[in-house]
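Q: Just dropping this structure here.
Spelled out as structure tokens, the structure:
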């Protein structure tokens, strides 16, 4: 909860300001008194002075609040961009692997000696080479 001041005296020149707190979430402000009891809520944008049906709410350090909110949004956007980049990299790696597999298949088709020999014949070739060494 963030400190603010509020008043019921909307029409008086000399207003009696009271201390309180507010929360701003999902474009909705909730105002609480010093005992943290809910006073009012309103769906509105965040600004220095907010007027509800019954109250005037004044937020003193609105610039800091907006900076913090902006930083949070930037971080969320940055995380989304990072995930998108990771997905692109994974897609690129998958495509490269597919290309390599296709190249290997093409080489095997071109090499007629490998395609004509059975597995036993290939194993025998390797056994013969080991014996000769």
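In this note's numbering, the protein residues as written are 2 to 134. Don't be surprised by glycine CBs; every beta carbon is placed ideally from N, CA and C.
1) Exposed or buried, which one is residue 21 when buried takes at least 16 other CB atoms within 10 Å?
2) For residue 7, which of 38, 122, 32 has the nearest alpha-carbon?
3) Using CA atoms only, rank isn't needed, just tell me which of 5, 124, 62, 119 is closest to residue 56.
4) Leaving out five residues on either side along the sequence, give the residues of the same chain with a beta carbon under 6 Å from the beta carbon of residue 50.
5) In chain order, what residues of the same chain have a beta carbon less than 6 Å from the beta carbon of residue 34, not counting five sequence neighbours either side?
6) Alpha carbons only, please: which of 53, 28, 123 is nearest the one belonging to residue 12?
7) Measuring CA to CA, which of 124, 46, 120 is closest to residue 27?
A: A quick look at the data gives this:
1) buried
2) 32
3) 5
4) 59
5) 21, 40
6) 53
7) 46
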